[in-house]
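Position one of the sequence shown corresponds to residue -2 (this note's numbering), numbered consecutively onward.
The C-beta atom is built at its ideal place from N, Cα and C for all residues, glycine as well.
Below: the structure, in structure tokens.
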Amino acid sequence: MVQIKTYQLLLSIFQYPNPAVSYPYIYSLVASIVEKLQEIDKRKPEDTTELQIFQEGIKVLEALVAIAEEQHRSQLVACLLPILISFLLDENALGSATSIMRNLHDFALQNLMQIGPQYSSVFKSVMASSPALKARLEAAIKGNQESVKLKIPTSKHTKNSGKNSSIQLKTNFL
């Protein structure tokens, strides 16, 4: 819980409108934050608290990307992308994943889908420089699409069975 509150406090400090206040903290802490998030990759979250810690850390790093000076932004995005991609699951792992890992996968994929269009040039260069990251991202997207396809037919079936048992009222207000 302390780590979550710390990340939330850092987020508010980093987003402080006066750069004279926020920049010293940013310069001194950004490397530690990235390092901490990379450690999480080695030790996967096992409960919702650890998942929330990761999510808060990613929010801080995304805020840093947004407020960073242009010359530093690409470096931060290049640090953020591998961290997010490391939590993606392929189509085989997705089916047997715990709810924590599934939530982590969904969170990472959602963030990647937002970052890709926002910072497309950096995104493309990172993907081009690392075929392993690109392959993992493609496998995760494919697996996610497959799981969505599997969910759609079952939801249509339940909707149709509900329509057969309901009474339709005809009203004419004219």
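- Query: For the candidate residues Glu66, Ala137, Gln68 and Leu6, whose alpha-carbon lies nearest to that of isoleucine 50?
  - Reply: Leu6
- Item | For glutamate 32 and cysteine 76, the rounded distance between their alpha carbons | 10 Å
- Message: Considering only their Cβ atoms, is the gap separating leucine 73 from asparagine 108 smaller than 9 Å?
- Response: Leucine 73 sits away from asparagine 108, with the two beta carbons spaced by 9 Å or more.
- Query: Going by the CB atoms, is the gap between valine 62 and isoleucine 112 shorter than 9 Å?
  - Reply: yes
- Message: Is the separation between the beta-carbon of tyrosine 4 and that of glutamate 53 shorter than 9 Å?
- Response: yes
- Message: Let me make sure I understand the geometry here. Which of Ala94, Glu47 and Asp87 has the alpha-carbon closest to that of isoleucine 1?
- Response: Glu47
- Query: What are the boundary residues of the alpha helix (DSSP H) that includes leucine 78?
  - Reply: Leucine 78 -> alpha helix (DSSP H) spans 67 to 83.
- Item | Run of the alpha helix (DSSP H) containing glutamate 59, from where it starts to where it stops | 45 to 64
- Task: Starting from threonine 95, follow the alpha helix (DSSP H) in both directions and report where the run begins and ends.
- Result: From DSSP, threonine 95 is part of no alpha helix (DSSP H); its letter is neither H nor E.
- Simplified DSSP assignment, three categories, for serine 127: coil
- Item | Other residues of its chain near alanine 105: CB distance less than 6 Å, five sequence neighbours each side excluded | Excluding residues up to 5 positions away in sequence, Leu81, Phe84 and Leu85 lie with their Cβ nearer than 6 Å to the Cβ of alanine 105 in the same chain.
- Message: Once DSSP output is grouped into helix, strand and coil, what is the label at methionine 110?
- Response: helix
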